[in-house]
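Structure record follows, encoded as structure tokens.
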Amino acid sequence: MSNQEGKVSRETRGHIFLIGLDRAAKRNAFDSHMIKDLSLALTEYENNDALRCAIVFAHGDHFTAGLDLVELQPKLATGVFDFSENEINPWGTVGRKLSKPLIVAVQGYCYTAGIELFLNADIVIASENTQFAQMEVQRGILPFGGATARFTQAAGWTKAMRYLLTGDSFDAKAAFDMNLIT
């Protein structure tokens, strides 16, 4: 079943909550509506005692192309990433955090905000064809979702800095070797 505006789907299977990024026509790039919908879906999961595990996945060929900067640029200074005290911040950087397991399954492109999202998960599964990139540096912006801390913690300083400072892409094998995926 899909949520409003088709940004994030939700499905319950027993005690498992499936959360799907559903903006495939835009390679699941995060706009303000999708960010809010993802927060609401994670909050719904956290608040439902019958749910024991959530899996975030993507509809379409790609997990996410990152942020939809065309839509978000005018909103960045106005708190598009602010969440109420009752809402789960998908990136877990501030505010209410999940207390239950989160699995993220990625494929195709997994750029910027997608990496930061899975760095906040308990388990990350990637298809062999996944291409990763933390490319904010190429656009002159700072990673907002915790990559500067979590990427370096998971991969080690020198391995992480190569990608954080260049924006170069890497494949699933490299992500596995850096302890980013399971």
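Throughout the sequence shown, residue numbering follows the numbering used here, covering 933 to 1114 in sequence.
Glycine included, C-beta positions come from ideal geometry on N, C-alpha and C.
Sorting Lys939, Ala1106, Ser941 by C-alpha distance to the C-alpha of Asn1061 places Ala1106 at the top.
Under the 10 Å beta carbon count, Pro1022 is surrounded by 16 or more other beta carbons and is classified as buried. Per the coordinates, the alpha-carbon of Gly1027 lies some 8 Å from the alpha-carbon of Asn1018. Rounded to whole angstroms, the Cβ separation of Gln1070 and Gly1099 is 4 Å, and the two are in contact under 8 Å. Residue pairing for Ala1009: DSSP places it in no beta bridge.
Straight-line spacing of the CA atoms in Ala1058 and Ala1104 works out to 7 Å.
Using a 10 angstroms sphere on the CB of Gln1039, the tally of other CB atoms reaches 16 or more, which defines it as buried. Beta-bridge pairing by DSSP links Tyr1041 to Gln1063. Look at Gly992 here: in three-state DSSP terms it is coil, with no helix or strand label.
The C-beta of Pro1075 has 16 or more other C-beta atoms within 10 Å across all chains shown, which makes the residue buried.
Your pair Val940 and Ile951 checks out as a contact, with CB atoms roughly 6 Å apart and the cut at 8 Å. Nearest to Gly992 by C-alpha distance, out of Asp1109, Arg955, Ile1073, is Arg955.
Apart from sequence neighbours up to five positions away, the residues of its chain that approach Pro1033 with a beta-carbon distance below 7 Å are Cys985, Asp1054, ordered along the chain. Beyond the five residues adjoining it in sequence on each side, Thr1084 comes within less than 7 Å, by CB distance, of Ala1092 in the same chain, given in chain order. Pairing Ala982 with Thr1090, the inter-Cα distance amounts to about 42 Å. By the Cβ-count criterion, Thr996 is buried, with 16 or more other Cβ atoms from all chains shown falling within 10 Å of its own Cβ. The C-beta of Asn960 has 16 or more other C-beta atoms within 10 Å across all chains shown, which makes the residue buried. The alpha-carbon of Ala957 is positioned some 35 Å away from that of Gly1088.
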